[in-house]
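Read top to bottom, the protein sequences are chains V and Z. For the record, in the first sequence the residue sitting at position 118 is 118 according to the UniProt record's numbering, with numbers rising by one throughout. For the record, in the second sequence the residue sitting at position 152 is 152 according to the UniProt record's numbering, with numbers rising by one throughout.
2 protein chains.
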Amino acid sequence: MSQPAFQRARSAEAKQAREVAILDAARALGRGRGIREVTLTDIATEVGMHKSALLRYFETREQIFLELTAEGWREWSASLRADLEARAEATPADVAEVFAATLAARPLFCDLLAQAPLNLERNVSLEAARAFKLVTLHEVALIGGELSRLLGLTEQQVLDMIATATGMAGALWQMASPGPRLRELYTSDPRLGHAIVEVEPRLRRILTAFLTGTGVGVPAP
Amino acid sequence: MSQPAFQRARSAEAKQAREVAILDAARALGRGRGIREVTLTDIATEVGMHKSALLRYFETREQIFLELTAEGWREWSASLRADLEARAEATPADVAEVFAATLAARPLFCDLLAQAPLNLERNVSLEAARAFKLVTLHEVALIGGELSRLLGLTEQQVLDMIATATGMAGALWQMASPGPRLRELYTSDPRLGHAIVEVEPRLRRILTAFLTGTGVGVPAP
Chain V
1 MSQPAFQRAR SAEAKQAREV AILDAARALG RGRGIREVTL TDIATEVGMH KSALLRYFET
61 REQIFLELTA EGWREWSASL RADLEARAEA TPADVAEVFA ATLAARPLFC DLLAQAPLNL
121 ERNVSLEAAR AFKLVTLHEV ALIGGELSRL LGLTEQQVLD MIATATGMAG ALWQMASPGP
181 RLRELYTSDP RLGHAIVEVE PRLRRILTAF LTGTGVGVPA P
Chain Z
1 MSQPAFQRAR SAEAKQAREV AILDAARALG RGRGIREVTL TDIATEVGMH KSALLRYFET
61 REQIFLELTA EGWREWSASL RADLEARAEA TPADVAEVFA ATLAARPLFC DLLAQAPLNL
121 ERNVSLEAAR AFKLVTLHEV ALIGGELSRL LGLTEQQVLD MIATATGMAG ALWQMASPGP
181 RLRELYTSDP RLGHAIVEVE PRLRRILTAF LTGTGVGVPA P
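Below, the structure is given as structure tokens:
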């Protein structure tokens, strides 16, 4: 006998509410202390579930964070494109500034961007890895449309630009967020001044130079 | 009573030989399977020591790999500078090519570059972190001398260039080395073609664009 429709719906809704609660807890903990410090047990405790119950909703700790990375891509891409789409024209410096500002405003996403290829993608099922990749490639194509419209970038230049923006956002955020113990070391030893990194201005300079130099000497299509 | 000089020397030599053997084992294991997969127990087994004995030479697994990262910086920097120093002049594309070729030829160093800020620097004593940072800053200054001589880069541009080169070498290497399971997924699903990354050509294009665009529109000093 099949379940009554309203009961299936309630159960599907309840399941979805649980998934949302788990993602909310992981997001809050990741924001607070950096993802590397958040275990599956921490998330289960935060959401008030047993770890074994939580594993009925997600395969691994890494799948939870990979889900947040996909969400981060969609949310960042929408915000970035909303800004770019409002412009009839833009210089390389304008575009670099929007990339740097929207990425630096999303520290959890920057943290996730660095963790995804190192840890997250490697500890999930192939189907979860495939679903994640398809989300990122879809967003890359949408962003690419704007980069091509405003600056005439080719597909390869789009891929290089987005790899540089997201790769450096991840790398710079990790360098800029060494934790209180190392930060104290860097600020107390004058020889280590260059170890202190600020994400937004450096990312803006790097992307401005990259976009300015991209296409220089390359004939227009 | 003090130890006889020859006995101290023999003991210091023996200690150093042990340290070299530990670093050799960690290097070989890291090359073979990627650093993330190498535990302290693996290294101890490889070198034929008990884990507790190994911990008399290094504080943590991370200190061993941070030592290899410092060694990687010195060795890469020497090779890079030897190439640059032999040139009376160079274009941005020439310099980008030397950076990309020397980094891509050192996969273990690329792996370490991505792991250092995420994992290694955070799991060692402050003195070990300080010593590591001083090595990298010293090499950055030496490389900077050549970048300034050949391309007239300022100190800030040097820091941006080396952060981009080493940050993207680490990030691209991680993306390009997803392990056999994910690689099979990326090559078998035609929608995932863009998930396959080649380190050297992409790094060369990114650094060429960055160096070409750096200083464009900036008045000469």
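C-beta: ideal position from N, C-alpha, C; glycine also. Only a predicted model underlies this, so the values are computations on that prediction, with no experimental measurement involved.
Cβ shell of residue i (< 7 Å), same chain only, five flanking positions each side left out
{"i": "T208 (chain Z)", "result": "P92, A93 and A96"}
{"i": "A114 (chain Z)", "result": "G170, A171, W173 and Q174"}
{"i": "S79 (chain V)", "result": "T102"}
{"i": "V98 (chain V)", "result": "L80, D83 and L84"}
{"i": "K51 (chain Z)", "result": "L40, T41 and A44"}
{"i": "V38 (chain Z)", "result": "A26, L29 and G30"}
{"i": "S125 (chain Z)", "result": "E59"}
{"i": "V197 (chain V)", "result": "L172, M175 and A176"}
{"i": "S77 (chain V)", "result": "E139, L142 and I143"}
{"i": "I162 (chain V)", "result": "V140 and I143"}
{"i": "R18 (chain V)", "result": "Y57"}
{"i": "M1 (chain V)", "result": "In this prediction, M1 (chain V) scores a pLDDT of 47, lower than 50, which makes its location untrustworthy; the coordinate-derived value is nonetheless stated afterwards. Nothing listed; no residue qualifies."}
{"i": "I35 (chain V)", "result": "F65, D111, L112 and Q115"}
{"i": "N123 (chain V)", "result": "T60 and E62"}
Contact with chain Z by residue i, beta-carbon distance below 9 Å
{"i": "L172 (chain V)", "result": "yes"}
{"i": "residue 230 (chain V)", "result": "Coverage of chain V is limited to positions 1 through 221, which leaves residue 230 (chain V) absent and any answer about it impossible."}
{"i": "A163 (chain V)", "result": "yes"}
{"i": "I22 (chain V)", "result": "no"}
{"i": "T41 (chain V)", "result": "no"}
{"i": "K15 (chain V)", "result": "no"}
{"i": "F210 (chain V)", "result": "yes"}
{"i": "A101 (chain V)", "result": "no"}
{"i": "V140 (chain V)", "result": "yes"}
{"i": "R205 (chain V)", "result": "yes"}
{"i": "P180 (chain V)", "result": "no"}
{"i": "E121 (chain V)", "result": "yes"}
{"i": "T45 (chain V)", "result": "no"}
{"i": "A114 (chain V)", "result": "yes"}
{"i": "Q29 (chain V)", "result": "Rather than Gln, the amino acid found at residue 29 (chain V) in this sequence is Leu. With 9 Å as the cut-off, L29 (chain V) does not count as an interface residue toward chain Z."}
{"i": "L126 (chain V)", "result": "yes"}
{"i": "L147 (chain V)", "result": "no"}
Below-9 Å beta-carbon distance, residue i vs any chain V residue
{"i": "L159 (chain Z)", "result": "yes"}
{"i": "F109 (chain Z)", "result": "no"}
{"i": "L66 (chain Z)", "result": "no"}
{"i": "G152 (chain Z)", "result": "no"}
{"i": "T60 (chain Z)", "result": "no"}
{"i": "A195 (chain Z)", "result": "yes"}
{"i": "Q63 (chain Z)", "result": "no"}
{"i": "T187 (chain Z)", "result": "no"}
{"i": "T69 (chain Z)", "result": "no"}
{"i": "L118 (chain Z)", "result": "yes"}
{"i": "R90 (chain Z)", "result": "Correcting the residue identity first, residue 90 (chain Z) is Ala in this sequence and not Arg. No, A90 (chain Z) lies away from the interface with chain V (no Cβ there is under 9 Å from its Cβ)."}
{"i": "K167 (chain Z)", "result": "Here residue 167 (chain Z) turns out to be Gly, not Lys, going by the sequence shown. With 9 Å as the cut-off, G167 (chain Z) counts as an interface residue toward chain V."}
{"i": "R106 (chain Z)", "result": "no"}
{"i": "R130 (chain Z)", "result": "yes"}
{"i": "R87 (chain Z)", "result": "no"}
{"i": "G213 (chain Z)", "result": "yes"}
Range covered by the alpha helix (DSSP H) that runs through residue i
{"i": "P92 (chain Z)", "result": "P92 to A104"}
{"i": "L108 (chain V)", "result": "P107 to Q115"}
{"i": "P201 (chain Z)", "result": "V199 to G213"}
Residues near residue i in its chain [Cβ-Cβ closer than 6 Å; skip 5 each side]
{"i": "E121 (chain Z)", "result": "A129"}
{"i": "F210 (chain V)", "result": "T164"}
{"i": "L153 (chain V)", "result": "L147"}
{"i": "R61 (chain Z)", "result": "L40"}
{"i": "Q157 (chain Z)", "result": "T214"}
{"i": "L108 (chain Z)", "result": "G30 and R31"}
{"i": "T166 (chain Z)", "result": "L113"}
{"i": "T69 (chain Z)", "result": "L112 and A116"}
Own chain residues within Cβ distance below 8 Å of residue i, not counting five before or after
{"i": "E71 (chain V)", "result": "L23"}
{"i": "A53 (chain V)", "result": "A44"}
Does the region 191-205 of chain Z come close enough to the region 119-137 of chain V to have 3 or more Cβ pairs within less than 8 Å? yes
In chain order, which continuous runs of the beta strand (DSSP E) of length 3 or greater are located wholly inside the region 128-182 of chain Z? List check, beta strand (DSSP E) in window: nothing returned.
Let me know the alpha helix (DSSP H) ranges lying completely inside the region 22-105 of chain V, each 4 residues or longer, listed in chain order. The region 22-105 of chain V contains these whole alpha helix (DSSP H) runs: 40-47, 51-54, 61-85 and 92-104.
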